[in-house]
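Note sheet for the following structure.
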Amino acid sequence: MTEIWLHNTRTRKKERFAPIDRENVRMYVCGPTVYDRAHLGNARPVVVFDVLYRLLRHVYGADHVRYVRNFTDVDDKINATALARKEAGADGSLEDLIRERTEETIGWYLSDMAALGAMEPTDMPRATGFIPQMIEMIEGLIESGHAYAAEGHVLFRVRSYQAYGALSGRSVDDMIAGARVEVAPYKEDPMDFVLWKPSTDELPGWDSPWGRGRPGWHIECSAMSYDLLGESFDIHGGGNDLMFPHHENEIAQSCCAHPEGGFAKVWLHNEMLQIEGKKMSKSLGNFFTVHDLLEQGVPGEVIRFVFLGTHYRRPMDWTEKKRGEAEAVLRDWRALSEGVAPGAPDVEVLTLLADDLNTAGAITRLHALAKSASDEAAKAAFLASAQLMGLLTDELGGWDAAAEVGDDVAALIEALLTDRSEARKAKDFSRADALRDGFAAAGLIVKDTPQGAEWEMGPDFDAAKLEALK
Ligand code: AMP
Ligand code: ZN
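According to the working numbering, the residues represented by the sequence shown are 782 to 1251, in order.
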């Protein structure tokens, strides 16, 4: 069996991965707060942990891996977005607007991530579906002296957990000095963090022993991972921006609530996607969304390829140059593997991926395999290796053929579009309608925008059918 080695943030070492139960390998990854479209940085952990998920499935069997990624659908930012809509005159109660916003955002997220070739996790729990479990966990923490209620809040008593700070390697006193800890009159200690907080009448809230309120962010992940994966599981992942305070707090809560368990054995953190040396983030305003790129016609597979070109523990930039190179490589690789049935993946690609997800090394190896793939068997191994990384899959295909339209076909399309707009101007509706129907029949997607008509080829595009419209 392939040995997997992973860099564990907790021990700061690369360790041989040994699942607690190889029949049931368990991974939890912190998912998005669903108040807006995912930016490109948010997609990085999705692609990184998708590669790990695929690798684990390959090694332990697809039915023996459970991957949980949550949706944080209780959050002040979601409330604020819904409130802004209400103030702008949107219909419905604030509660309706909040639900609408989270549903809409979850839908966008899933379709954007699917466009990047990310498989859906086995479980995608929403925080709002686990409120009783959070309340139960908080009650247990109060009983064991790790938390206290004050003025409608419940706070975790950080100094009651000796190992606090072990993951990020900081002492509590250093953290107080360096972090923006909120000093509040109801806190015993400035480091204590919120497990539960009161809600006003118009904000979402649930009845609890401490009055109507809502959970803090950190307890959501502790309660959902416990409910779905148990008190000990194998891997916990997320971006390294979550290491402190979110992951430290998850550890403190889970280990104090379930001292019999070990919570997560291996902690994996991806580095940040950057723009000019700074983390891409909504708060800095230096972001663009995955959807923006897809709309600009950048294939999801190209985005995925660019991501995999940098090791997950290194910062990376998105650049136009990388995008262009990725597109050219994938075009060649798709042409090479056209009509080939995947075989067994190349052992070296597998070994590289199993070495702490060396995706950049695996891509270098794929280049070599592509170069020497002269017979069907070699092509089959090449294709299976790429597919193990979620590349060259059928779902991500189609973009390469569609974009290869010749200049003469493009000129024909432009001429037909001019023809259509002239027919409309001359009120020749039968000609305009015939052209519209003809475009649809030829698989040409035409969008009328204020700047004029835009077109792209659908999956069934057939240039010969356009000829007939001249
Ligand atoms: P959020 O919705 O902000 O909680 O983020 C969702 C996920 O995206 C978390 O795992 C973050 O660590 C990750 N993330 C946010 N910004 C970036 C970035 N610039 N690069 C890589 N990962 C990021
Ligand atoms: Zn989390």
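C-beta: ideal position from N, C-alpha, C; glycine also.
_Separation of K1228 from H1027, as counted between CA atoms_ = One C-alpha to the other measures close to 44 Å.
*asked:* With a threshold of 8 Å, are at least 3 pairs of Cβ atoms found where one atom belongs to the segment 821-830 and the other to the segment 1011-1025?
replied: With the rule of 3 Cβ pairs closer than 8 Å, the segment 821-830 counts as touching the segment 1011-1025.
*Just checking, does the segment 930-940 make contact with the segment 985-994 on the three C-beta pairs under 8 Å criterion?*
Look at the beta carbons and you see the segment 930-940 touching the segment 985-994: at least three pairs across the two are nearer than 8 Å.
*Could you pull out every residue in the same chain whose Cβ sits closer than 6 Å to the Cβ of L1198, ignoring the five residues on either side in sequence?*
Excluding five sequence positions before and after L1198, the CB atoms of its chain that fall closer than 6 Å to its own CB belong to A1234, given in chain order.
*Note down, in chain order, each residue of its chain lying with its Cβ closer than 6 Å to the Cβ of D1098, except the 5 sequence neighbours on either side.*
Contacts found: Q1055.
_From D904, T1174 and G898, residue whose alpha carbon lies closest to that of V846_ = Ranking the options by Cα distance to V846, first place goes to D904.
*In this structure, does DSSP put G1020 in helix, strand or coil?*
In this structure, G1020 counts as strand in the three-state DSSP scheme.
*asked:* Any beta carbon of chain C sitting closer than 7 Å to that of A930?
replied: The structure shown contains no chain C; it is built from a single protein chain.
*asked:* Can you determine whether any heavy atom of the ligand AMP sits closer than 6 Å to the C-beta of P826, and answer yes or no?
replied: Yes - the ligand AMP has a heavy atom lying nearer than 6 Å to the Cβ of P826.
_Residue closest to D1181, alpha-carbon to alpha-carbon, out of A1154, E1129, E1119 and G1219_ = Cα-wise, what sits closest to D1181 is E1119.
_As an exercise, report each continuous alpha helix (DSSP H) stretch of at least 4 residues that is fully enclosed by the segment 943-1023, in chain order._
Fully enclosed alpha helix (DSSP H) runs of 4 or longer: 953-959 and 998-1010.
*Who are Y848's beta bridge partners in DSSP?*
Paired residues: M808.
*Residues near P971 in its chain [Cβ-Cβ closer than 7 Å; skip 5 each side]*: Excluding residues within five positions, the ones whose Cβ falls inside 7 Å are I957, V962 and V964.
*Return yes when the Cβ of F1088 is within less than 7 Å of the Cβ of R807, no when it is not.*
Going by C-beta atoms, R807 is not nearer than 7 Å to F1088.
*asked:* As a quick exercise: from A1192, D1113, Q1077 and S1166, pick the residue whose alpha carbon is nearest that of A1125.
replied: If we check each option's Cα against that of A1125, S1166 comes out closest.
_Assuming R938 and Y945 are in contact, meaning their beta carbons sit under 8 Å apart, how far apart are those beta carbons, in whole angstroms?_
Incorrect: roughly 10 Å between the Cβ atoms, too far for contact.
_Distance between D854 and V815 (C-alpha atoms, nearest Å)_ = For V815 and D854, the distance between alpha carbons rounds to 6 Å.
*asked:* Counting C-beta neighbours from all protein chains within 10 Å, is the total for P902 16 or more, i.e. buried, or is it exposed?
replied: The residue in question, P902, is buried, as its Cβ has 16 or more Cβ neighbours within 10 Å.
*L1250 to C811, Cα distance in whole Å?*
Cα to Cα, L1250 sits roughly 52 Å from C811.
*DSSP three-state call for G1233: helix, strand or coil?*
Reduced to three states, the DSSP call for G1233 is strand.
*Beta-carbon proximity check, D1136 vs W786, cutoff 7 Å*: With respect to W786, D1136 sits close: the two C-beta atoms are nearer than 7 Å.
*So, R791 versus L1023, is the Cβ gap smaller than 7 Å?*
Contact flag unset, no.
_Could you check whether the Cβ of G842 sits closer than 6 Å to any heavy atom belonging to the ligand AMP?_
Incorrect: G842 has no Cβ contact closer than 6 Å to the ligand AMP.
*Taking E796 as part of the beta strand (DSSP E), name the residues at either end of that continuous run.*
In this chain, the beta strand (DSSP E) harbouring E796 covers K794 to R797.
*According to DSSP, residues forming a beta bridge with A928*: DSSP lists F937 as partners of A928.
_Length of the line joining the Cα atoms of T1070 and R818_ = Distance between the alpha carbons of T1070 and R818: 7 Å.
*Does the distance from the C-beta atom of S1035 to that of I916 stay below 7 Å?*
Against a cut-off of 7 Å, the Cβ pair of I916 and S1035 comes out as no contact.
*My understanding is that A1038 touches G921, with C-beta atoms under 8 Å, so please give their C-beta distance in whole angstroms.*
Cβ atoms of A1038 and G921 come within 8 Å of each other, at about 5 Å.
_Could you compute how far the alpha carbon of G1171 sits from the alpha carbon of G1090?_
Cα to Cα, G1171 sits roughly 13 Å from G1090.
*asked:* Buried or exposed, going by whether 16 or more other CB atoms sit within 10 Å of the CB of M918?
replied: A buried status is given to M918, since no fewer than 16 other beta-carbon atoms sit within 10 Å of its beta-carbon.
*Who are A1048's beta bridge partners in DSSP?*
Here residue 1048 turns out to be Trp, not Ala, going by the sequence shown. In the DSSP output, where bridge partners are listed per residue, W1048 has H1017.
*Delimiting residues of the alpha helix (DSSP H) encompassing L1134*: Where L1134 is concerned, the enclosing alpha helix (DSSP H) stretches over V1128 to A1135.
*Would you give the residue range spanned by the beta strand (DSSP E) that H1027 belongs to?*
Premise fails: H1027 is in no beta strand (DSSP E) and is neither H nor E.
*For M1097, which beta-bridge partners are listed by DSSP?*
Bridge partners of M1097: L1054.
*N-terminal and C-terminal residue of the alpha helix (DSSP H) that L1216 is part of*: That run of the alpha helix (DSSP H) goes F1210 to A1222.
*L1193 versus T886: straight-line alpha-carbon distance, rounded*: Whole-angstrom Cα-Cα distance: 39 Å.
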